[in-house]
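Written out below as structure tokens is the structure these notes cover.
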Amino acid sequence: MRLSEQALQLSRQVNDRLNASMFLQALAWIAAEEHARSR
Numbered sequence: 018m019r020l021s022e023q024a025l026q027l028s029r030q031v032n033d034r035l036n037a038s039m040f041l042q043a044l045a046w047i048a049a050e051e052h053a054r055s056r
């Protein structure tokens, strides 16, 4: 997860909106999965 967060930050720094949105979506899926497991 840490690498995805770093990739999102780098994508935003170089104004790469496509990759930034893909990494943001991946982080959302990870967060949803972690939330589902904690129930």
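Residue 48 in this note's numbering sits at position 31 of the sequence shown, and the numbers go up by one each step. Idealized CB from N, CA, C, for every residue including glycine.
Rounded to whole angstroms, what is the Cα-Cα separation between residue i and residue j?
i: residue 40; j: residue 52; result: 18 Å
i: residue 28; j: residue 35; result: 8 Å
i: residue 57; j: residue 50; result: It is not possible to answer for residue 57, since the shown part of the chain is limited to 18 through 56.
i: residue 54; j: residue 46; result: 12 Å
i: residue 26; j: residue 56; result: 30 Å
i: residue 33; j: residue 23; result: 13 Å
Within the continuous alpha helix (DSSP H) that includes residue i, where are the two ends?
i: residue 55; result: Neither: residue 55 is in no alpha helix (DSSP H) and is coded neither H nor E.
In chain order, what residues of the same chain have a beta carbon less than 8 Å from the beta carbon of residue i, not counting five sequence neighbours either side?
i: residue 21; result: 40, 43, 44 and 47
Near residue i, what residues of its chain come up, given a Cβ to Cβ distance below 7 Å and the 5 sequence neighbours on each side ignored?
i: residue 37; result: 25, 28 and 29
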